[in-house]
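Since the structure comes first, as structure tokens, the remarks are kept for the end.
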Amino acid sequence: MAAITAAHEVLFSHLCSSSKFPRTFALLVCCRAVCQCWRNAVQMALPMLRVLDFSGYEARVVGADVLRALEHVSGTNLRFNLRLLDLGGCHLLDGTDMAEIMRVVRVSCCDAQTTIN
Numbered sequence: 216m217a218a219i220t221a222a223h224e225v226l227f228s229h230l231c232s233s234s235k236f237p238r239t240f241a242l243l244v245c246c247r248a249v250c251q252c253w254r255n256a257v258q259m260a261l262p263m264l265r266v267l268d269f270s271g272y273e274a275r276v277v278g279a280d281v282l283r284a285l286e287h288v289s290g291t292n293l294r295f296n297l298r299l300l301d302l303g304g305c306h307l308l309d310g311t312d313m314a315e316i317m318r319v320v321r322v323s324c325c326d327a328q329t330t331i332n
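So the sequence shown is numbered by the numbering used here: it starts at 216 and just counts up by one.
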């Protein structure tokens, strides 16, 4: 069982550390629901996420969703790993939402070159 758990941790870490996989965040959120072992492995991997996008869910994303996602990937690692916050197509975000998102990104990612699309 420990070997399987370690394999999940490696898999989820690889998904997060690569920017080649689209919809990684949505996939990981779904994986968290599988079992406690997967939930723990995903939680450990999320701070390594390089690209945070909402592909496939753009039409339903509101400011609280983005802030919650940033909270999941936050921590000291966010400064070094998050490179792109893709909000393209998220038409439900208003000026107030964007101001708060920008504030959180500015505070959390001050050392990183994070792009907001």
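Glycine is no exception: its CB is placed at the ideal position from the N, C-alpha and C atoms.
Please go through the same chain and pick out, in chain order, the residues whose beta-carbon is closer than 8 Å to the beta-carbon of residue i, but skip the five residues on each side of it.
i    : result
L267 : F240, A284, L285, V288, L297, L299, L300, D301
L308 : V276, V277, G278, V281, L302, I316
A221 : none
What residue does the beta strand (DSSP E) around residue i start on, and which one ends it?
i    : result
V276 : Where V276 is concerned, there is no enclosing beta strand (DSSP E), given that its DSSP letter is neither H nor E.
D268 : 266-268
D309 : Taken as a continuous stretch (DSSP letters only), D309 belongs to no beta strand (DSSP E), as it is neither H nor E.
L299 : 299-301
Cutting at 6 Å between CB atoms, please list the residues of its own chain near residue i, excluding the five before and the five after it.
i    : result
G304 : E273
F227 : A256, V257, A260
L243 : V257
Please look up how many angstroms separate the CB atoms of residue i and residue j, rounded, as I've assumed it's under 8 Å.
i    : j    : result
A260 : E224 : 7 Å
L282 : V319 : 6 Å
Can you name the start and end residues of the alpha helix (DSSP H) that residue i belongs to?
i    : result
L242 : 239-247
V375 : No statement about residue 375 is possible, as the shown extent of the chain runs from 216 to 332 and does not include it.
For residue i, collect the residues of the same chain with a Cβ closer than 7 Å to its Cβ; drop the 5 residues on either side in sequence, then sort them by chain order.
i    : result
W253 : H223, C246, R247
S232 : M263, R265
Are the region 273-281 and the region 311-320 in contact at 8 Å, needing three or more beta carbon pairs?
-> yes
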